[in-house]
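Okay, so the sequence shown: first residue is 17 according to the working numbering, each after it adds one. Input: a single structure, listed below in structure tokens.
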Amino acid sequence: MKTPNYHDFYQTAFLPIGANDLVSLKDTDAYIPESNSTHWLIAVEGVQLPQPRIYYHWKVSIYPAANDGDFNWKKPYYYSENMEQMDHAITLASSLAASCKKDELSSAALLEKIS
């Protein structure tokens with residue numbers, strides 16, 4: 017795992033990229049041809065708020081990853097808005113994982129961004 021957010025990075029799924037989603041991925045800044053991305057790595061990440069008391073909001077991030085799990089944390093395919101409750105982020109991550117399994121992540125991520 018290569019992310020600066022070591023303490024609050026929770027991988028929730030590691031799923032193969034389907035043919036339709038691969039076509040969509042290739043049209044984004046997240047696509048790096050030499051990285052040999054074959055999987056989606058879905059994670060819930062804590063975002064520490066700038067205040068004296070340690071307090072987090074949560075977001076869901078999706079990264080293209082190689083078969084061995086290597087990914088570039090600087091180039092997510094998708095990331096959600098911050099959420100106050102971790103449970104909401106986990107629910108969204110599960111929903112996006114289900115879309116990955118159907119090779120419909122690109123459609124689901126677009127709908128999530130719009131809503």
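Heads up, the beta-carbon is just placed ideally off N, CA and C, and yes, glycines get one too.
| request: Given a cut-off of 8 Å, decide if T54 and A82 are closer than it, judged by their beta-carbon atoms. | output: Against the sequence shown, residue 82 aligns to sequence position 66. Against the sequence shown, residue 54 aligns to sequence position 38. In contact: A82 and T54 (Cβ atoms closer than 8 Å).
| query | Considering K117, what are the terminal residues of the alpha helix (DSSP H) in which it resides? | reply | Numbered from its first residue, the sequence shown carries residue 117 at position 101. Here the alpha helix (DSSP H) through K117 covers 102-117.
| Beta-bridge pairing of S10 - partner residues as DSSP gives them | Absent from the model: residue 10. The displayed extent of the chain is 17 to 131, so no value can be given.
| message | Within a Cβ cutoff of 6 Å, which residues of the same chain sit near A109, ignoring the five residues on either side of it in sequence? | response | In the sequence shown, counting from the first residue as 1, residue 109 sits at position 93. Excluding sequence neighbours, A109 sits near T28, I58, V60, V76.
| field | Reduced DSSP secondary structure (H/G/I, E/B, other) of H49 | value | The residue labelled residue 49 in the question sits at position 33 within the sequence shown. In the sequence on display, residue 49 carries Pro and not His. Helix at P49.
| Own chain, CB closer than 6 Å to Y47, minus 5 neighbours either side, in chain order | Along the sequence shown, read from residue 1 onward, the residue named residue 47 stands at position 31. Cβ within range, chain order: L41.
| query | Which residues in the same chain as K18 place their Cβ atom closer than 8 Å to its Cβ, once the five residues preceding and following it in sequence are excluded? | reply | As a working mapping, residue 18 is identified with position 2 in the sequence shown. Low per-residue confidence applies at K18: pLDDT is 45, beneath 50, and the placement is therefore not dependable enough to give any value.
| Simplified DSSP state of L65, which is helix, strand or coil | By one-based count along the sequence shown, residue 65 stands at place 49. Of the three classes helix, strand and coil, the one that applies to L65 here is coil, per DSSP.
| Expressed to the nearest angstrom, what Euclidean distance is found between the alpha-carbon atoms of F25 and D84? | Taking the first residue of the sequence shown as position 1, residue 25 is located at position 9. Taking the first residue of the sequence shown as position 1, residue 84 is located at position 68. Each residue's alpha carbon lies about 18 Å from the other.
| Closest residue to L72 among C116, M99, Y79, A35 (Cα-Cα distance) | Walking along the sequence shown from the start, residue 72 turns up at place 56. According to the sequence displayed, residue 72 carries Tyr and not Leu. Here the closest residue by C-alpha is M99.
| Alpha carbon of W56 to alpha carbon of G62, nearest angstrom | Counted from its first residue, the sequence shown places residue 56 at position 40. Counted from its first residue, the sequence shown places residue 62 at position 46. Taking the straight line from one Cα to the other gives about 19 Å.
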